[in-house]
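**Student:** Sharing a structure with you now.
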Amino acid sequence: RLKAAVHYTVGRLCQKVGEKQRREFSRQVVAAIAETTFRQCIFAKDLEAFAHAKRSTVSTEDVKLAARRSTALFQSVYIQNKSEELAQEKELKKKREQRHRGQQRLRTCHRKPGTS
Numbered sequence: 001r002l003k004a005a006v007h008y009t010v011g012r013l014c015q016k017v018g019e020k021q022r023r024e025f026s027r028q029v030v031a032a033i034a035e036t037t038f039r040q041c042i043f044a045k046d047l048e049a050f051a052h053a054k055r056s057t058v059s060t061e062d063v064k065l066a067a068r069r070s071t072a073l074f075q076s077v078y079i080q081n082k083s084e085e086l087a088q089e090k091e092l093k094k095k096r097e098q099r100h101r102g103q104q105r106l107r108t109c110h111r112k113p114g115t116s
């Protein structure tokens, strides 16, 4: 029923735009727009559901989980590459922070007593 409601609404919007622009939308175009709209709504709902643990931000892991339900997205080289790139950046940041903490500890250990 929801899909039919989306199709009906898209049809009405296309009709209004068509009247204003003096254009006509074929049934196939209306159906394609309705299907795209419906899928986007489902995808957004999935992403929202994947943002669990009372988080207000959707993470890259959430997007990857949602993309697995879409063959086209899952096979997308861009998403896979971006995911790997983000993982590498996260690892580098973690190593930098560990190195920085280690240097701070060394400085603290090598101070002479009575100096601040």
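Residue 116, in UniProt numbering, is where the sequence shown stops; the numbers in between run on with no holes. We put the beta carbon where it would ideally sit given N, CA and C, even for glycine.
1. Using DSSP with H/G/I as helix, E/B as strand and the rest coil, what is Phe25?
2. Taking the alpha helix (DSSP H) that Lys64 falls in, what are its first and last residues?
3. Verify whether the separation of the beta carbon atoms of Phe43 and Val6 is less than 8 angstroms.
4. Cα separation between Gln103 and Ser56?
5. Using the rule of at least 16 other Cβ atoms within 10 Å of the residue's Cβ for burial, across every protein chain shown, is residue 142 buried or exposed?
6. List the whole-angstrom C-beta distance separating Thr60 from Ser83, where the pair is believed to meet the contact cut-off of C-beta under 8 angstroms.
**Tutor:** With the given structure in hand:
1. coil
2. Thr60 to Ala67
3. no
4. 35 angstroms
5. Outside the displayed span of the chain (1 to 116) sits residue 142, for which this structure offers no information.
6. 6 angstroms
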